[in-house]
Amino acid sequence: MSLTILGLSGALSHDPSAALYIDGKLIAAVEEERFVRDKHAKNRMPYESARFCLEQAGIKPADVDVVAIPFAPISLFGKARWHYAKRYAYAPDRALDAILMGNRRYKRYHKRIQWCLQQLGFDLKKVKIEPVEHHLAHASSAYHCSGFQEKTAILGIDGKGEYATTFFGWGENGKIHKIKEFYDPDSLGGLYGAITEFLGFEMLDGEFKVMGMAPYGDASKYDFSRLAKFENGELVINTEYANVIGLRRYKEKGKGFYFSPKLIEWLGPKREGDIADDPYVHYAASMQALFEKLALEMMDYYLGDIIRETGKIAFAGGCALNVKLNQKIIARPDVKELFVQPASGDAGTAVGAAAYVSVQRGVPVEKMEHVYLGPSYTNEDVIAACARHPNKPVFRQIADVEKRIARIMVDGNPVAWFQGRMEFGPRALGGRSIIGCPSVPGVADRINEQIKFRERWRPFCPSMLDSVAPQMLKVDHPSPFMTFTFEVNEEWKTRVGEVVHEDGTSRAQVLERRHNPRWYDLMKELENLTGNGVSLNTSLNRRGEPMICSPTDALNMFYGSDLQYLIMEDILVVKEGKDWYERADQASA
1 MSLTILGLSG ALSHDPSAAL YIDGKLIAAV EEERFVRDKH AKNRMPYESA RFCLEQAGIK
61 PADVDVVAIP FAPISLFGKA RWHYAKRYAY APDRALDAIL MGNRRYKRYH KRIQWCLQQL
121 GFDLKKVKIE PVEHHLAHAS SAYHCSGFQE KTAILGIDGK GEYATTFFGW GENGKIHKIK
181 EFYDPDSLGG LYGAITEFLG FEMLDGEFKV MGMAPYGDAS KYDFSRLAKF ENGELVINTE
241 YANVIGLRRY KEKGKGFYFS PKLIEWLGPK REGDIADDPY VHYAASMQAL FEKLALEMMD
301 YYLGDIIRET GKIAFAGGCA LNVKLNQKII ARPDVKELFV QPASGDAGTA VGAAAYVSVQ
361 RGVPVEKMEH VYLGPSYTNE DVIAACARHP NKPVFRQIAD VEKRIARIMV DGNPVAWFQG
421 RMEFGPRALG GRSIIGCPSV PGVADRINEQ IKFRERWRPF CPSMLDSVAP QMLKVDHPSP
481 FMTFTFEVNE EWKTRVGEVV HEDGTSRAQV LERRHNPRWY DLMKELENLT GNGVSLNTSL
541 NRRGEPMICS PTDALNMFYG SDLQYLIMED ILVVKEGKDW YERADQASA
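When we follow full-length UniProt numbering, the leftmost residue of the sequence shown carries the number 1, and every step to the right adds one.
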């Protein structure tokens with residue numbers, strides 16, 4: 001008997017997404033933001049993403065057996081709600097609410113899911129909605145998608161779900177065993193988010209900017225240890241400074257922040273603007289150092305024995321995207337392999353909830369080997385989008401796409417690269433990317449200034465052939481999803497300088513050809529031309545926008561930037577005019 005499960009996330013009012021498993025195979029997974037063109041799609045439901053998943057599979061709502069949601073009611077008889085009430089006693093209204101009305105958010109979300117399903121044509125009498133605890137969904141998205149057969153340590157760290165903020169457990173024979181959870185406000189992700197706000201970025205969006213800023217600072221200049229401690233197996237965040245609610249919040253221009261005026265008294269005013277300077281670069285370094293120290297201590301305390309036994313770890317939750325922490329984890333001699341769910345943030349809980357329910361019902365899920373799970377478009381779709389576009393694009397269908405595009409890149413030009421199915425998760429992995437030749441000096445600055453309009457300190461990443469990784473990177477570890485940074489061997493720091501960060505590391509995608517042949521073959525062409533089978537790779541979007549989904553989105557972005565070349569499938573769009581094509585024909589002859 002067949003089993004079809006639709007996972008829908010969006011309970012926490014950000015990053016709604018949908019994922020569809022049929023008989024243990026992940027058919028589709030996509031974030032709502034890509035369709036509605038609103039980053040993080042706050043306060044929306046995963047309507048368009050669910051509709052896409054059904055269309056991709058060619059099924060109707062009546063064919064879905066279960067809708068899995070990554071948010072569940074939490075009993076009054078457990079520790080979670082009481083811990084929350086006790087630690088937030090300074091805000092008695094919130095504390096009492098947790099005790100008396102602790103599942104209010106779940107009920108509201110459940111109603112909204114029902115509404116969303118009705119809009120999609122589901123019969124609520126016939127479909128079963130199955131809640132999965134938020135951190136269990138994160139744990140499942142890591143463990144069940146890892147493909148690990150041995151006993152596996154499971155780690156989940158994020159801001160918070162219903163009440164839990166951190167999960168420690170282990171998986172064996174498909175079953176997840178919980179060892180320990182921490183509860184709000186004791187959240188390492190929440191603390192990092194609060195400092196992210198203090199450093200002038202948005203929580204849930206700017207944490208990786210803090211991580212990118214940290215290598216420019218000196219962590220020893222400021223001691224952040226007062227903000228959090230891990231003792232006797234418990235994490236305690238200092239709510240005098242961070243993870244604060246109610247009247248304890250620092251307020252500015254009518255907005256309340258997750259840190260207190262006491263933090264401002266200690267560290268000075270919050271950072272404004274785009275400049276990363278003293279003391280803020282040192283604050284970023286100190287926060288990153290504290291985060292790594294506590295995460296590694298917690299992991300060792302609760303999971304150390306399991307790691308020493310089999311060396312396998314599965315990691316999810318927003319903090320699993322902290323690639324510097326991941327670099328430290330894989331550096332441990334007892335770690336054989338770390339699987340990080342590529343969509344570790346809340347979007348990935350749609351996959352996790354669906355996978356969990358599938359396994360519970362006796363259908364194991366396949367290993368997640370790639371993230372090309374979104375929409376794809378044909379040459380005809382692309383031509384139709386060009387014909388409709390108000391800018392009247394100059395375009396032509398070309399042969400030898402990889403050869404031609406590699407030539408354009410080696411001439412020093414960034415290219416918008418739109419191929420195959422869109423990626424699931426925050427990383428561009430060769431489906432919707434801006435690419436450049438990393439041995440051309442200044443190409444990263446050019447992309448920054450003309451196209452991405454990003455902060456100067458943020459690094460660009462390399463995608464590389466699997467044959468190149470052993471030469472370029474000092475550590476041999478699978479990295480298909482850009483979830484790790486690696487130290488770069490000296491020679492390669494000059495060979496591909498545009499994709500090496502301030503601290504001598506790169507956040508790499510190491511690609512096997514079977515997962516994306518055209519992207520792989522493009523890098524082969526770069527290797528033929530430059531000796532380096534490596535491409536600079538950043539997401540196809542402008543600052544503050546979601547990654548591009550459709551050809552029309554790509555054209556809008558193309559004409560809103562200084563990009564000169566856009567390749568969508570076999571259709572090359574140029575800004576310079578038709579004479580370029582003749583030159584390209586001569587160059588590739």
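Glycine included, C-beta positions come from ideal geometry on N, C-alpha and C.
- TYR250 and MET213 have their C-alpha atoms roughly 23 angstroms apart.
- Around the beta-carbon of MET287, 16 or more other beta-carbon atoms lie within 10 Å, marking it buried.
- Membership of ALA214 in any alpha helix (DSSP H) is not indicated, and neither H nor E is assigned to it by DSSP.
- With contacts defined by Cβ atoms closer than 8 angstroms, LYS452 and TYR302 do not form a contacting pair.
- The beta carbons of ARG518 and GLY420 sit about 7 angstroms from each other, so the pair counts as a contact at 8 angstroms.
- Between the alpha carbons of ARG94 and PHE259 lies a distance of about 17 angstroms.
- Classified as buried, GLU33 has 16 or more neighbouring CB atoms from the shown chains inside 10 Å of its CB.
- Put simply, of ARG404, TYR283, LYS125, MET299 the residue whose alpha carbon is nearest the alpha carbon of TRP266 is TYR283.
- For ALA18, there is no enclosing alpha helix (DSSP H); the residue is found in the beta strand (DSSP E) stretching over 17-22.
- Note that the C-beta distance between VAL340 and PHE198 is not below 8 angstroms.
- Per DSSP, ARG81 is one residue of the alpha helix (DSSP H) stretching across 80-87.
- In the structure shown, GLN119 falls within a helical segment according to DSSP collapsed to helix, strand and coil.
- Judged by their CB atoms, TYR372 and GLY318 are not nearer to each other than the 8 angstroms cut-off.
- Here GLU231 is exposed, its C-beta having fewer than 16 other C-beta atoms within 10 Å.
- Residue HIS138 holds the alpha-carbon nearest to the alpha-carbon of ALA314 among ARG108, HIS134, ALA98, HIS138.
- The beta-carbon separation of ILE307 and VAL475, rounded to 17 angstroms, does not stay under the 8 angstroms limit for a contact.
- Here ALA50 is buried, its C-beta having at least 16 other C-beta atoms within 10 Å.
- Within the model, the alpha-carbon separation for PRO16 versus PRO438 is close to 34 angstroms.
- By the neighbour-count definition (other C-beta atoms within 10 Å, threshold 16), ILE275 is an exposed residue.
- By the neighbour-count criterion, in which a residue is buried when 16 or more other Cβ atoms sit within 10 angstroms of its Cβ, ASP445 is exposed.
- In the three-state DSSP reduction, ILE434 falls in the strand class (E or B).
- Here the alpha carbons of ARG248 and PRO185 stand approximately 13 angstroms from one another.
- Per DSSP, the beta bridge partners of GLN397 are ILE571.
- Here the C-alpha atom of ALA350 lies approximately 10 angstroms from the C-alpha atom of PHE71.
- Per DSSP, VAL500 has no beta bridge partner at all.
- By a beta-carbon distance limit of 8 angstroms, VAL127 contacts VAL64. Their separation comes to about 6 angstroms.
- Counting other Cβ atoms within 10 Å of its Cβ, SER463 reaches 16 or more and is therefore classed as buried.
- Annotated as distal: VAL573 and VAL357, with beta-carbon spacing of 8 angstroms or more.
- Pairing MET557 with GLY412, the inter-Cα distance amounts to about 20 angstroms.
- DSSP, reduced to helix, strand and coil, places GLU150 outside both helices and strands of the structure shown, so it counts as coil.
- GLY171 and LEU555 have their C-alpha atoms spaced approximately 45 angstroms apart.
- Within the stretch 341-365, the complete alpha helix (DSSP H) segments at least 4 residues long are 349-360, listed from N- to C-terminus.
- Bridge partners of SER220 according to DSSP: none are assigned.
- Closest in alpha carbon position to LEU526, among LYS403, ALA416, VAL335, is LYS403.
- With distances taken between CA atoms, LYS255 lies nearest to GLY200 out of GLY425, GLY268, ILE154, GLY200.
- Between the alpha carbons of GLN118 and MET547 lies a distance of about 28 angstroms.
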